[in-house]
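Okay, structure first, notes after.
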Amino acid sequence: MLDLAIIGGGPAGLTAGLYATRGGLANVVMFEMGMPGGQITGSSEIENYPGQGAVMTGMDLMASWPEQCQKFGLKHEMAQVETITKNGDTFKILTN
């Protein structure tokens, strides 16, 4: 059983995974269809991201994020979430 399931591997999903694992949750999985980074990796020019002064590509911005998150224990599963069903206090996630 998972402590936390994160659906989507963009900046928000990776940040949630990082803080969840650093906060002590042990079994955290991020579900993402492709490599972590999300839609921002397709951007050719990012010039307004908080904390970043230089103009860069989305790939450059996200390059170090997955490694940092995995260092703290975030697991990545390349899968598309098809359905989520609730059964009492638990949820069942069906992937492809």
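Per UniProt numbering, residue 1 is the first one in the sequence shown, and the count goes up by one each step.
We put the CB at the ideal spot given by N, CA and C, even for glycine.
These figures come from a predicted structure and were not determined experimentally.
My parser needs the beta strand (DSSP E) runs of 3 or more residues fully inside the UniProt domain "FAD/NAD(P)-binding" (3-78); what are they?
The UniProt domain "FAD/NAD(P)-binding" (3-78) contains these whole beta strand (DSSP E) runs: 4-7, 28-32 and 75-78.
Going by beta carbon distance, what residues of the same chain come within less than 6 Å of GLY38, once the five residues before and after it are set aside?
GLY9 and GLY10.
Provide the residue span of the beta strand (DSSP E) that contains ASN87, from first to last.
Element bounds for ASN87: 81-87.
Can at least three beta-carbon pairs, one atom from the stretch 42-52 and one from the stretch 20-32, be found at a separation below 8 Å?
Touching, no.
Quick check: what's the CA-CA separation for ASP59 versus MET1?
Sequence inspection shows Met at residue 59; the Asp mentioned does not correspond to that position. Cα to Cα, the separation comes out at about 32 Å.
Pull up the distance between the alpha-carbon of LEU61 and that of TYR19, whole angstroms please.
Their backbone Cα atoms lie some 19 Å apart in a straight line.
Hey, how far is the Cα of GLY34 from the Cα of ILE40?
So the two alpha carbons sit approximately 13 Å from each other.
Going by the beta-carbon positions, is the gap between GLU77 and VAL29 smaller than 7 Å?
A contact, by the Cβ cut-off of 7 Å.
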